[in-house]
Amino acid sequence: MSLLKKLFKPFLIVAPYVLRNSQTVAYPDERLVFAERFRGRHKLHFDRCIGCGTCARVCPDNSIVLVEAEGHEGKYPQIDYGTCSLCGYCVEFCPKAALEFTDLVEFSTRDASELVYSPERLAEVPSIKEVVPRLKRRIEPYLTKTEMKYRKVEDL
Ligand code: SF4
Ligand code: SF4
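All residue numbers for the sequence shown refer to our numbering, where the first residue is 34 and numbers rise by one.
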């Protein structure tokens with residue numbers, strides 16, 4: 034093989050991949066549809082919670098304490114996402130299915146105290162458009178014979 038061919042061969046191999054559609058997700062303009070069992074931040078259902086404290090007892094990271102909530106009698110879970118590992122025990126062991134996971138992962142902050150979610154805050158889950166106003170569409174991956182691509186599921 035001539036020196037010139039040797040030099041250009043890698044570029045010829047790579048070029049078709051570079052010229053194809055993007056293989057990445059253009060977040061925050063688009064966002065993947067997560068799997069049904071995906072674990073994002075929790076949602077608390079006040080009407081189901083009986084304040085039994087099971088969630089706090091099973092939490093391996095001691096991320097849950099029961100606290101009072103405005104407008105509600107009794108005590109309800111407060112979760113510290115600074116330590117929560119999203120293991121799922123609280124959701125799994127809650128006898129009333131009062132805690133569930135959402136697909137919201139956008140809760141990073143520079144202030145650790147903002148990671149402590151009161152029961153009231155856990156009960157109110159904003160829509161994805163409120164959290165990521167730039168978001169335009171949801172997409173999902175699919176496989177062709179040779180590669181993984183993305184297609185639009187819905188406009189937002
Ligand atoms: S969320 Fe479930 S486990 Fe936790 S206090 Fe309420 S009912 Fe009990
Ligand atoms: S998901 Fe796991 S670590 Fe997080 S609050 Fe629930 S039990 Fe604790």
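For every residue, glycine included, the Cβ atom is placed at its ideal position computed from N, Cα and C.
Query                                                                                                                                                                                              : Result
May I ask you to verify whether the segment 93-101 touches the segment 118-134, counting CB pairs closer than 8 Å and requiring at least 3?                                                        : yes
Between which two residues does the alpha helix (DSSP H) containing residue 38 stretch?                                                                                                            : 36-52
Nearest by alpha-carbon distance to residue 104: which of 165, 36, 79, 42 is it?                                                                                                                   : 79
Could you tell me which uninterrupted alpha helix (DSSP H) segments, each at least 4 residues in length, are contained entirely in the segment 119-184, listed from first to last along the chain? : 122-126, 152-156, 161-164
DSSP three-state label for residue 91, please.                                                                                                                                                     : helix
Could you tell me if the beta carbon of residue 151 falls within a distance shorter than 7 Å of some heavy atom in ligand 2?                                                                       : no
Measuring from the CB of residue 146, is there a heavy atom of ligand 2 at a distance below 7 Å?                                                                                                   : no
When DSSP labels each residue in this structure, what does residue 102 get in the three-state scheme?                                                                                              : strand
I believe residue 150 touches residue 114 by the beta-carbon criterion, under 8 Å. Please report the beta-carbon distance rounded to the nearest angstrom.                                         : 6 Å
Residue 83 by DSSP, collapsed to three states: which one?                                                                                                                                          : coil
At the level of alpha carbons, what is the spacing between residue 68 and residue 137?                                                                                                             : 12 Å
Start and end of the beta strand (DSSP E) containing residue 78?                                                                                                                                   : Segment: none, residue 78 is in no beta strand (DSSP E) and carries neither H nor E.
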